[in-house]
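For the protein sequence lines, the chains are A and B, in the order given. All the letters of the first sequence, read from the start, carry residue numbers 0 to 237 under numbering that gives the first Met the number 0. All the letters of the second sequence, read from the start, carry residue numbers 0 to 399 under numbering that gives the first Met the number 0. Note that beta-carbon positions come from the ideal geometry of N, C-alpha and C, so glycine has one too.
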Amino acid sequence: MTEIKRKRVGIRMPAIGGQGAVTAAHIIATAADYEGYYAVSNPFFGAEKRMAPAESYARIGLEPIFDRGEVVYPDIIMVFHPQVITMGKSYTMPFYSGIKRNGLIIINSEEDLLSKEDREYLESLNVRIFSFPATQMAAEIAGTELATNMAMIGALFGITRIVGTEAIEEGIKARFLKKFVASGGTASLDSALERKFKKKLELIEKNVNTAKATYELGLKWAEEHGIEPFLPRPTAKV
Amino acid sequence: MQKLSEELKNRAGQRIVDPEYLLFEAPREKVFMTGSEVVKEAVKRASVDASVSYPITPQSEAAHLIGELWVEGYVGVYFRGESEFGVMSELAGCAMAGARTITTTSGPGTLRAMENFPMWAGSRLPIQLVLMARGINSPLSIQPDDLEVSFLLDTGCMIWYAENAQELFDMILAGFVVAEQPDVHVPVVNVINGFFISHTRESVMLPPDDIALPPYNPYKAPMPPIDMEMPPGRFLRDPFVMKSNYISYATHTSWQFEVRAAIERARPYIKKYLGSLIEEFGDPEAEIVLVSAGTGAAQSKEAVRLLEDEGVKAKVVKLRTIRPFPINELREAVKNAKVIFVPEFNVVGWLEREIRRYLYKHSDAEIIGGPRVAGGMTMPPEIIVKDVLNYLGKEVKHVY
């Protein structure tokens, strides 16, 4: 296999409304920024509502990033919900359209959701597929399915090794210790979360623990499958 | 000015500093935030007297955050208007009374408020509007599409266009300084593409928040604060047209010319506070030139990088201002051009029209209006590259 040289990683996160894919993108970019990479995150959604398709994106690189909007040609696709695949709740059909050679797909599912044709196409591009029960792990470790996004973040960075667990923790803290949140919907979701966990710090700890557990899982899988780190270490940036 | 800086404070207790110090010299620290959050940070350092808001996606968060600044004591007056028309009218009242004002709107909100923009300009009010461009209905789109900018081009407002959160921050501060110059004194519209900047999180360098712009001095305005015997009060209650004679219409004409001349007089101030009316990226000698603004310029920069990988030399000319239009800067920047592409986020190609107008008989380059996306579509840099390679007759292989 030829050596893969990337200067940038584009991540597409098809999810359904309420799963926290927008929050995940922001945490991923914040963590990468903390680690010393250039990073940008953005959501893309229509009228916000639960269970409708929602998508967010993160871009991480070694040089300044100008690119905006949907990641049309992703290196990595993180499928937050099985319905992205089974019910086509995705902005693109099939959900992996545009994926780059040597890419990675992370799927939150206990079952194999891909058809024989899907697998053959993705194998032809040397795209690796990691399926794991993110929602189940979130429920077990954090005590709530709402931490599914944390489980997805952990797996992403465990496999790609773009950042370590310290940067993930910083990204999570930056999100939940922030005073203001984006919209009325997000604000009420946050207060529901706070009631559930009683205290914010406890919430952060549970989120971090979830991400750390799936980081280990992803790291182990990547090592077993000989997957190299996705990006070189960041050079000092201004 | 340093002595002054040590002595004077604004209503929020922030130390008043020279605009040059705030924009260029003050130490800056990195933060990681969205474009909407950056609007708050800029307004916080701008000694704003009044802001009126009305919710519409994607600018609602920025409007809400300006309201937080009012709670925190940084903004003198803040309330929600009854509609965008109400907002823009009420801001005019605040500005006529001598207040520094700012608001935000998007898409249908801009069109609902439309009557007010030429009124602002004709009344010589240096109001600032942050326009988070989105689709115009119908069909409904809340997503980025900058067709609405074409409606504003001839309102007599300055139109600036920011590429990212950093530029938006700097342009909001510079916007007040330039718009309030006595020989300029017209409104300034700072445009961004909604979502692509408002909702995108990126790193931004900010100066400390305990310093701020000098407050607006309405006694330096070319017209006095509201006075029913002098313009603008006089011609609001007793317009020229009521005389119904040749000289009253000629007065109206000269007034309109003067508003446009005021925009032209902004050029040296824009150069001083923004550096330049344009930014160039890529090979300076390139014969393939992508001329665009805002996110169109961002995507073009990525395209230039991809073209470089294909062995094709290209450059981007990013227009920071549309009014005043950087006429001489553009002509100079495309003097080597054989072909000019104009990537845009709208279906009509209003920027292409502007470029054709100002390059007519000043460039032999072929001008291609495109690629264009609209209604909320993303413009992947790959489609710009594809158009360029197709033009050159080269194989398109970058898309897998």
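C-beta atoms of residue i and residue j nearer than 9 Å
i       : j       : result
F65(A)  : A25(B)  : no
S122(B) : A164(B) : no
V51(B)  : L68(B)  : no
W159(B) : V188(B) : yes
F340(B) : I383(B) : yes
I65(B)  : G106(B) : no
G274(B) : K314(B) : no
A166(A) : Y33(A)  : yes
V21(A)  : P42(A)  : yes
P73(A)  : I98(A)  : yes
G374(B) : L167(B) : no
For residue j and residue i, the rounded distance between their alpha carbons
i       : j       : result
S362(B) : L305(B) : 26 Å
G16(A)  : R7(A)   : 27 Å
D226(B) : A285(B) : 55 Å
L176(A) : G293(B) : 32 Å
L128(B) : E54(A)  : 30 Å
R27(B)  : M170(B) : 16 Å
V207(A) : E119(A) : 36 Å
I203(A) : R319(B) : 42 Å
A336(B) : I287(B) : 6 Å
S96(A)  : S123(A) : 14 Å
I191(B) : A132(B) : 6 Å
N244(B) : F116(B) : 26 Å
E227(A) : S299(B) : 31 Å
CB contact below 9 Å: residue i versus chain B
i       : result
A38(A)  : yes
I64(A)  : yes
V207(A) : no
R67(A)  : yes
A137(A) : no
A154(A) : no
P42(A)  : yes
F179(A) : Unreliable placement is indicated for F179(A), whose pLDDT of 46 sits below 50; the coordinate value is still reported in the next sentence. Yes, F179(A) lies at the interface with chain B (some Cβ there is under 9 Å from its Cβ).
T29(A)  : yes
V8(A)   : no
A173(A) : yes
Y95(A)  : no
Neighbourhood of residue i by C-beta, 6 Å cutoff - its chain only, sequence neighbours within 5 removed
i       : result
T239(A) : The structure shown does not extend to residue 239(A), since chain A spans only 0 to 237, so no value can be given for it.
D48(B)  : G75, A98 and R99
E83(B)  : Y53, T104, G108, R111 and A112
I128(A) : I104
E109(A) : P132
I126(B) : L90, A94, T100, W119 and P186
A150(A) : A133, M136, A137, T209 and T213
P230(B) : M222
Contacts around residue i, its chain only, beta-carbon distance under 7 Å, and the 5 residues preceding and following it disregarded
i       : result
V372(B) : F344 and M378
F179(A) : Any reading at F179(A) must be qualified, since the residue scores a pLDDT of 46, below 50, and its modelled position is unreliable; the value itself is stated next. None.
Contact with chain A by residue i, beta-carbon distance below 9 Å
i       : result
A297(B) : yes
S137(B) : no
K405(B) : Limits of chain B in this structure are 0 at one end and 399 at the other, which puts residue 405(B) out of reach.
R200(B) : yes
T377(B) : yes
P213(B) : no
Where the alpha helix (DSSP H) through residue i begins and ends
i       : result
L151(B) : L146 to L151
I221(A) : First, the residue type needs correcting, since residue 221(A) is Ala and not Ile in the sequence shown. Per DSSP, A221(A) belongs to the alpha helix (DSSP H) from K199 to E223.
L172(B) : A164 to A178
E278(B) : From DSSP, E278(B) is part of no alpha helix (DSSP H) but of the beta strand (DSSP E) over I277 to G281.
E67(B)  : S59 to V70
First through last residue of the beta strand (DSSP E) which encompasses residue i
i       : result
I141(B) : Segment: none, I141(B) is in no beta strand (DSSP E) and carries neither H nor E.
P42(A)  : Y37 to F43
Y390(B) : It is not in any beta strand (DSSP E) - Y390(B) instead sits in the alpha helix (DSSP H) that spans P380 to L391.
R322(B) : T320 to R322
R58(A)  : P52 to G60
P13(A)  : R7 to I15
Same chain, Cβ closer than 8 Å to residue i, neighbours up to 5 away in sequence not counted
i      : result
A45(B) : R99, I101, I171, L172, F175, A211 and L212
I15(B) : L3, S4, L7, K8, N9, S46, I210, A211, L212, P213 and P214
I59(A) : R7, V8, I10, I27, A28, A31, Y36, Y37, A38, I161 and L230
Proximity test, residue i beta-carbon vs the ligand PLP heavy atom, cut-off 8 Å
i       : result
V190(B) : Ligands displayed in this structure: none; no statement on the ligand PLP is therefore possible.
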